[in-house]
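Numbering-wise, this note's numbering puts 190 at position 60 of the sequence shown, and it's gapless, one number per residue. Even glycine gets a Cβ: it sits at the ideal position worked out from N, Cα and C. Data first, discussion second: the structure below is written as structure tokens.
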Amino acid sequence: MARFLHMQPGKTEGKYIPVITNQRVDGQCWELEEGGITHDTVTPAAEVRLQSQLNSIQEAQASMQESQAITDQAVQDLIITTMGGAV
């Protein structure tokens, strides 16, 4: 089943929300494929917005991974402290 990504205008002027649907949408639309996105009809401005949002998502994922690593280390330190250094 084909999946399509399009940008839906948000509530704030100039903001767009990425939406994935099972049906092609007229205008700015990308067909999703395994391992990437195939461009359909896309304007340069829409491509810039999408890339910006993808960059933001990637930055958020990196921050979450860093936070998880810090949490994991804190839990390990707590276990070692609680057990008196015996592991």
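7 Å Cβ shell around residue i - same chain, five flanking residues per side excluded
| i | result |
| --- | --- |
| residue 176 | 137 and 158 |
| residue 155 | 134 and 136 |
Residues near residue i in its chain [Cβ-Cβ closer than 8 Å; skip 5 each side]
| i | result |
| --- | --- |
| residue 179 | 137 and 146 |
8 Å contact criterion, which residue i and residue j should meet: CB distance rounded
| i | j | result |
| --- | --- | --- |
| residue 160 | residue 135 | 5 Å |
DSSP beta-bridge partners of residue i
| i | result |
| --- | --- |
| residue 137 | 148 |
| residue 189 | Answer is none; residue 189 lacks a bridge partner. |
| residue 184 | Answer is none; residue 184 lacks a bridge partner. |
Whether residue i touches residue j by CB criterion (9 Å)
| i | j | result |
| --- | --- | --- |
| residue 162 | residue 204 | no |
Residues near residue i in its chain [Cβ-Cβ closer than 6 Å; skip 5 each side]
| i | result |
| --- | --- |
| residue 151 | 134 |
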